[in-house]
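Report on the structure given below.
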Amino acid sequence: MTTDSDEFATRAEAFEASENRPANSSTTANLGDVVQARYPSRRSLLRGMTAVAAVTAITTPLETLVSRAARAASAPFTFAEIEHGIDETHHVSEGYDADILIRWGDPVLADAPEFEPSAQTAAAQALQFGYNNDFVGIAPLPFGSGNSTRALLCVNHEYTNEEVMFPEIRRQDEIGFPDMTPELVAIEMAAHGGTILQVEKFAGKWRPARDRTYNRRITADTPMQISGPAAGHDRLKTKADPTGRQVRGTLNNCAGGITPWGTYLMAEENFHGYFWGKLSRFHPEVRNYKRYGVPGNWYVWGRYHDRFDIAKEPNEANRFGWVVEVDPYDPASTPVKRTAMGRFKHEGAHPIINGDGRVVIYQGDDQQFDYLYKFVSEGRYDPNNRAANRDLLDRGTLYVARFDADGTMSWLPLVHGRGPLTLANGFASQADVLIETRRAADLLEATPMDRPEDVEPNPVTNAVYVMLTNNSRRKTGKADAANPRTRNMFGHILELTPPDGDHGAKTYRWDILVMCGDPSKPEHRTRWGSATSENGWFGSPDNCAVDHQGRLWVTTDQGERWARTGTADGVWALETEGSGRGSGRMFFRVPVGAEMCGPVFTPDDQTLFVAVQHVAVDGAKDYKPFGKVSSFADPATRWPDFDPKMPPRPSVVAITRNGGGRIGG
Ligand code: FEO
Ligand code: CA
Ligand code: CA
Ligand code: CA
327 MTTDSDEFAT RAEAFEASEN RPANSSTTAN LGDVVQARYP SRRSLLRGMT AVAAVTAITT
387 PLETLVSRAA RAASAPFTFA EIEHGIDETH HVSEGYDADI LIRWGDPVLA DAPEFEPSAQ
447 TAAAQALQFG YNNDFVGIAP LPFGSGNSTR ALLCVNHEYT NEEVMFPEIR RQDEIGFPDM
507 TPELVAIEMA AHGGTILQVE KFAGKWRPAR DRTYNRRITA DTPMQISGPA AGHDRLKTKA
567 DPTGRQVRGT LNNCAGGITP WGTYLMAEEN FHGYFWGKLS RFHPEVRNYK RYGVPGNWYV
627 WGRYHDRFDI AKEPNEANRF GWVVEVDPYD PASTPVKRTA MGRFKHEGAH PIINGDGRVV
687 IYQGDDQQFD YLYKFVSEGR YDPNNRAANR DLLDRGTLYV ARFDADGTMS WLPLVHGRGP
747 LTLANGFASQ ADVLIETRRA ADLLEATPMD RPEDVEPNPV TNAVYVMLTN NSRRKTGKAD
807 AANPRTRNMF GHILELTPPD GDHGAKTYRW DILVMCGDPS KPEHRTRWGS ATSENGWFGS
867 PDNCAVDHQG RLWVTTDQGE RWARTGTADG VWALETEGSG RGSGRMFFRV PVGAEMCGPV
927 FTPDDQTLFV AVQHVAVDGA KDYKPFGKVS SFADPATRWP DFDPKMPPRP SVVAITRNGG
987 GRIGG
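With my numbering, letter number 365 in the sequence shown gets 691, and the count goes up by one each step, no holes.
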């Protein structure tokens, strides 16, 4: 299958371009001049505490600074830093253990067969751990216990890499999918989705529990409901589902969230990649699909399943790009796609309960020049009645962010009938606004960002961190205050400050926490804290986690471009308070070709779970001892088994401290 449009990148460009490539052609005015006005005075960050206080005071209330200093004194990072580098295995700070918890193909359900890489079947895969583990969430057992030794691990399986999964085939999207078969496609579909895995800590080590009562696989075929304002709309109806309320499966689940009522949010990211075919020129969805890059032609599923061919089933792609809510405590429950939270390439969906009880969920739309969103529920969270929170995410307001050069930001409501979101612009109802969230946000003149990935609130400080991973296509004259670098190869992190910790507020302050890249290279135009060591800087922040002390940890996804920093992806601790603000320290590193995902801490902060995905794949040819593209027969590494009969396997890793204790000191 070839494509005739520059918008429709192949998966070959996925993480260099498609995940990155702008679908937004409506970028706003040049704010470069204003940026320069805001910038020079803020360059003194590296000079330490006095300078930091002076600089930060531009946007941060004094009481916040005082409490920051106090918190900084209470929990410094004291672990021994590891070094930048790349090789065939993982590395963790001295004094810590990083143990493999579960690998692609390991049994999840009771009747699952052992993994046989040369005799894979879809039936087996549907019972085994899926591919490319990304988000990892913890739902403690029993529910509400805060237990740090028994839990349901909720893990997303974002996508598949056929060239290292299956024997004797090359990467298929680059060559027209000649070797794909219905059975291989069925295995791919079963390797997507998510896993709910009962885990326990025994004698200081984590393991999958023998009790598999709650274990579950969710795949690209699992029956799901659609709820919220877009449910039942004509644009969501298909031949298989004339109700527009039932859909099979979830796609490209990247990051996500765990709600306070113990549900698991799976964010659908690059859903466009699963569709192929062509709409007629005058089809009413042409403008909508172009804005999302549908069809992406990354996979060949449309050859065997009409629903993935937009010529045959033109509405199916409108049923993806949502956030899915799953109750991990009820393995028989039906997952629900919550349309009120918008349709875009959701990186994640991280909730916090606001002071007034409303649920606020921060979300990034991961593409170059796309936007930052938050959803604010209409109803209030009831901590005493779990069932009462069941449909909280169906009603509320979705907002998109506009950043101004004076250090303020505004949340613009995406509400039908308000401003330009009217029939005159093709929005007949709130359902239309949500189905075409991106186009609605374009009309509100939201700020086009440098690829928003994880957005996570800090429950201790109420700051909100925004990972902006990179944007190679931001051209000269197109920088703005919040995205200040043209050709931003290394990304940056914003810190948002809601007024008085009110996450429901319409206006926040914002600041740049770090600008990534090598601080020893002036041409990178970085901004780091003064305590950043030669291994403490990084590029392309993607996921993050806040531990229960309120400390920030950042993981990276450099894709094919890891060689620009000379280090594999990893986990860095990043100071946000006091004199060390903006200083990084490297804690963990992945094997060659892999990406670092899923950081999450147990309630006692004594375990950090991380997910290592697409092992041996990205930039393997730049890894000197190997120097070529990986294949099943000849991968850059066979991590984590190092068994000549085993391909590399995406895996979840449990990091603990020798002899126990809090991660990071
Ligand atoms: Fe799937 Fe935006 O990373
Ligand atoms: Ca990500
Ligand atoms: Ca996160
Ligand atoms: Ca990524």
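The beta-carbon is built from N, C-alpha and C at its ideal position, and this holds for glycine as well.
- If you keep only unbroken beta strand (DSSP E) runs of at least 3 residues inside the segment 839-906, you get 867-872, 878-882 and 896-900.
- Taking 8 Å as the upper bound for CB-CB distance, Glu-782 and Gly-855 are not in contact here, some 19 Å apart.
- By the Cβ rule, the segment 452-465 counts as touching the segment 423-433, because three or more pairs are nearer than 8 Å.
- In this structure, the CA atom of Arg-800 is about 9 Å from the CA atom of Asn-809.
- In this structure, the CA atom of Lys-950 is about 11 Å from the CA atom of Val-918.
- Its chain contains His-818, Leu-820 and Arg-853 as the residues whose beta carbon lies nearer than 7 Å to that of Ile-838, once the 5 sequence neighbours on both sides are disregarded; these appear in chain order.
- Spanning the alpha carbons of Gly-985 and Tyr-422 requires a straight line of approximately 9 Å.
- By the 16-neighbour rule on beta-carbons within 10 angstroms, Leu-749 is exposed.
- In this structure, DSSP gives Tyr-834 an extended state, which the three-state scheme calls strand.
- Under the three-state reduction of DSSP, Val-511 is assigned to helix.
- In this structure, the straight-line span from the alpha carbon of Glu-860 to that of Tyr-791 is close to 23 Å.
- For Leu-769, the CB contacts under 7 Å within the same chain, skipping 5 residues up- and downstream, are Pro-746, Leu-747 and Asn-751 in chain order.
- In this structure, the straight-line span from the alpha carbon of Thr-569 to that of Pro-555 is close to 14 Å.
- Residue range 422-429 is occupied by the beta strand (DSSP E) that includes Arg-429.
- Take Arg-728, set aside five residues on each side of it, and the residues of its chain with a beta-carbon closer than 7 Å to its own are Met-735, Ser-736, Leu-738, Glu-771, Ala-772 and Thr-773, in chain order.
- Contact check for Tyr-707 against Lys-671 fails: the beta carbons are separated by 9 Å or more.
- The shortest CA-to-CA distance from Arg-542 to any of Ile-552, His-518 and Leu-562 is the one to His-518.
- According to DSSP, Ser-703 shares a beta bridge with Gly-722.
- Taking 9 Å as the cut-off, the beta carbon of Thr-564 is found closer than this to the beta carbon of Glu-639.
- Excluding five sequence positions before and after Thr-475, the CB atoms of its chain that fall closer than 6 Å to its own CB belong to Lys-527, given in chain order.
- If you look at Tyr-625, you'll find it isn't in any beta strand (DSSP E); DSSP assigns it neither H nor E.
- For Ile-678, the uninterrupted beta strand (DSSP E) run begins and ends at 676-679, by DSSP.
- With 5 Å as the limit, the residues whose C-beta approaches a heavy atom of ligand 4 more closely than that are Asp-868 and Asp-883, in chain order.
- Sorting Gln-454, Pro-848, Pro-466 and Ser-419 by C-alpha distance to the C-alpha of Pro-929 places Pro-466 at the top.
- Along the length of the segment 923-956, whole beta strand (DSSP E) runs at least 3 residues long occupy 933-939, reported in chain order.
- If you draw a 10 Å sphere on the C-beta of Asn-788, you find 16 or more other C-beta atoms in it, and that means buried.
- With 16 or more other CB atoms across the displayed protein chains lying within 10 angstroms of its CB, Thr-763 is buried.
- Taking 9 Å as the cut-off, the beta carbon of Ser-977 is found closer than this to the beta carbon of Ile-426.
- At a cut-off of 8 Å, the beta-carbon of Thr-795 counts as near ligand 1: some heavy atom of the ligand is closer than that.
- In the structure shown, Ala-767 falls within a helical segment according to DSSP collapsed to helix, strand and coil.
- Contact annotation: Val-926 and Phe-914 have beta-carbon atoms that are not nearer than 9 Å.
- Distance from the C-beta of Cys-580 to the nearest heavy atom of ligand 1 is below 8 Å.
- For Leu-591, no alpha helix (DSSP H) encloses it; the enclosing beta strand (DSSP E) starts and ends at 590-594.
- Per DSSP, reduced to three states, the secondary structure at Ala-750 is helical.
- With respect to the 9 Å criterion, Leu-562 and Asn-644 are classified as neighbours on the basis of their beta carbons.
- Counted as a single uninterrupted DSSP element, the stretch harbouring Tyr-540 is not any alpha helix (DSSP H), since DSSP gives it neither H nor E.
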